[in-house]
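In terms of my numbering, the sequence shown opens at residue 8 and continues consecutively.
We treat Cβ as the ideally placed atom computed from N, Cα and C, and that holds for glycine.
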Amino acid sequence: MLRGSVGVIFGETGTLEFKFLVSESAPVHRGEYVKAWHESDGWVLAQVILIKRYSEKYTLKEAKNGLRKDKSGDNIVAEATVIGNRDNSGLLRAPTIPFSPGDPIYKADNELINSVLGLSGKKDMNIGLLEGTDIPVNLSVNSLVQRHCSILAKTGSGKSYTSGVVLEELLDNNVPLLIIDPHSEYASLKDPGSEKQDDLNKYNVSPKGYGSNITIYTPANRAINPIADEAFRLNGNNLTVKELTSIFPDSYTSTHVGILYEAIQKLKAEMDSYTIDDIIFEVGNDKSKAKWNVISLLENIRDSEILSTTPTPIEDLLQKGKASVIDLKGVSPDLQRMIVAEVCSSLFEARKMDNVPPGMLVIEEAHNFAPEKGFSKSQSSEVLRNIASEGRKFGLGMMVISQRPARVDKNVLSQCGTQIIMKVTNPNDLKSISKGLEGVNSYVEDELIRLPQGVAMLVSTDIEKPILVDIRVRKSQHGGKSVNVLKGKHKTQKTKEAKQKSNVPPKKSTAESSETKIDASGSMPPSKQPEPSEQNSENKGGLFKKIFGANK
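See the structure below:
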């Protein structure tokens, strides 16, 4: 073999693949990038997708006698898929003439890898390093936001960690963010991270907190979510049948809808302004027994305190260089879907009218809010499909994050120009991902099953082929860590023992202490009023303005 080469092409060759015998003195790894000189195209980049080792001298009979000491006669054969090279106009092209057996193979240099894969050039977002190299992988902010993004992985593979990395980069580039957070994972963006200095140096990043740029909103009681900065409220005045029936369970019939419709129509005829209490009272006058199901649902909405006469203005939720996190901790699933539907609809309308700046909507646990048909229903599905297909025209991007790709609406996933995929093992999820990816081959599918934690497959319109990326460490604190069950148990036991020794009765929770009590006279105290927002704005009409009461 020629000096510096790692192998020699042999056997039948083509324009898109070839085999080469690997030199024993220069090991080659699966997934590694190599190059070959082509007679008409110059240096061509290829990637090793399979390596096999075999011996013609070591027979089955000899194997039964035990291990052998001399392995010098082994043959190591690698299969490579051709990526191509750039022509004079900068376009990526594959050779049109097969490679020649006997041609040497070399390890690819960083310059060729950068050029062919499209990693070179000025880009705004540093998300990590090309796996097995020290080549930075950067993405374009404009492309990622306009063409949408998805982050997909099985539980525990680093999905939330990776989404945090992307959000840090977007905040560093002053992109407005609205984050739907069902599990209180993104409040940690406020605090600087605590990664090891060697890891920080490897990716050329420093610890950083985004406290002044993050506002946490809670639709629940502030006692349930004490880390929240503000209460989030929807407009409770003059609610329509469509808005209320959006959270009706599947078991509800046209009879239930009819009861609600008649009550609201009567209120509209008699009053200029009405609240949910008025609707409940009017429904109670209906003679049908089905009214009790409707009343129960309406009371649940009222008691959640999500409705207010001073709702959260839509302009507060999307601001330049800021991130608003709607933390849904403590909110029932049905109410979560109602909130997401109203917020996303209102945000999209506001963006169309240029009442908020261009930005990105982030949907965590997207399979709950944009489910694939046949799995479940959600009133937020339609608006998320609309944002996925039309958001680019109006400067509203969307990032969908899910641990179950097969259960996410395919119309939403198919619109994502950037896909960051970590380890996936479920056959249905793998099949779903494969259908939606361009350039997928057996190597890609095999890699998705075997990806180590912290490594992702990146598919982007800015990069020519799917690549593996070693995701960089977080600048901010990671909020999606799993709970250590043993440590939690140990801590609980110690706390219990300490209380028993001190003979101090356990402290009541905030929820218990705030329960409604009957006084000595037997009368009920006034019910707790919804917490008003600091902003109060005039109702100007239109769904998004009516729900949020927002003014420009």
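Query, Result
"Could you give the C-beta distance for D334 and D188, rounded to a whole number, given that I count them as a contact under 8 Å?", "5 Å"
"Count the other CB atoms within 10 Å of the CB of D477; is the residue buried (16 or more) or exposed (fewer)?", "buried"
"Sort out for me which residues DSSP pairs V51 with in a bridge.", "A43"
"Among all the DSSP beta bridges, which residues are the ones paired with M132?", "L146"
"What is the DSSP secondary structure of M278, counted as helix, strand or coil?", "coil"
"Rounded to whole angstroms, what's the CA-CA distance from G73 to K417? Just pull it up for me.", "54 Å"
"Only counting the same chain, and skipping five residues up and downstream in sequence, which positions put a Cβ closer than 8 Å to that of L455?", "I428, K430, V431, L437, I440 and M464"
"Assign T66 to buried or exposed, taking buried as 16 or more other Cβ atoms, counted over all protein chains shown, within 10 Å of its Cβ.", "exposed"
"For the structure I just gave you, are there three or more beta carbon pairs, one from the region 48-68 and one from the region 142-156, closer than 8 Å?", "no"
"Hey, G38 and G139 are a contact pair by Cβ (cut 8 Å); roughly how many whole angstroms apart?", "7 Å"
"When you compare only the Cα positions, how much space is there between T222 and P412?", "29 Å"
"Assuming E86 is part of the beta strand (DSSP E), what are its boundary residues?", "N82 to R93"
"Would you mind sorting Q386 into buried or exposed? The rule is 16 or more other CB atoms within 10 Å of its CB.", "buried"
"What are the residues that DSSP puts in a beta bridge with G404?", "M367"
"V347 to R229, Cα distance in whole Å?", "19 Å"
"Suppose the cutoff is 6 Å on Cβ atoms and the five residues either side in sequence are ignored; what does the same chain contact list for Q426 look like?", "S157 and V466"
"Helix, strand or coil, according to DSSP, for Q426 in the structure here?", "strand"
"Would you mind stating whether Y40 and A115 have Cβ atoms separated by less than 7 Å?", "yes"
"Let me confirm a value: N292 is counted as buried when at least 16 other C-beta atoms fall within 10 Å, else exposed. Which label applies?", "exposed"
"What residue from G265, E176, S258 and G163 has the CA that sits closest to T247's CA?", "G265"
"In this structure, how does DSSP classify R10 when only helix, strand and coil are distinguished?", "coil"
"If we call anything under 7 Å between Cβ atoms a contact, is G216 one with K197?", "yes"
"Do E471 and G125 have their C-beta atoms within less than 7 Å of each other?", "yes"
"Do you know how far the Cα of S127 is from the Cα of S219?", "33 Å"
"Here's a check: name, in chain order, each residue in its chain whose Cβ is nearer than 6 Å to the Cβ of E117, leaving out the five neighbours to either side.", "Checking the sequence, you will find Asn at residue 117 rather than Glu. Correct list, in chain order: I142."
"Could you give the C-beta distance for M345 and V152, rounded to a whole number, given that I count them as a contact under 8 Å?", "Not a contact, Cβ separation roughly 27 Å."
"In angstroms, rounded to a whole number, what distance separates the CA positions of E24 and Q54?", "9 Å"
"What residue does the alpha helix (DSSP H) around G168 start on, and which one ends it?", "Correcting the residue type first, residue 168 is Tyr in the shown sequence and not Gly. Residues K166 to D179."
"Beta carbon of F27, beta carbon of P108: below 7 Å?", "no"
"So the candidates are N121, N181 and A330; which of them puts its Cα closest to the Cα of G91?", "N121"
"Restricting to runs no shorter than 3 residues, where is the beta strand (DSSP E) found entirely within the region 309-353?", "330-334"
"Distance, Cα to Cα, H190 vs K327?", "25 Å"
"What are the boundary residues of the alpha helix (DSSP H) that includes D285?", "I283 to G291"
"Applying the criterion that 16 or more other CB atoms from any shown protein chain within 10 Å of the CB defines a buried residue, is N211 buried or exposed?", "exposed"
"For E237, tell me which candidate among I313, T282, D279 and G486 has the shortest Cα-Cα distance.", "I313"
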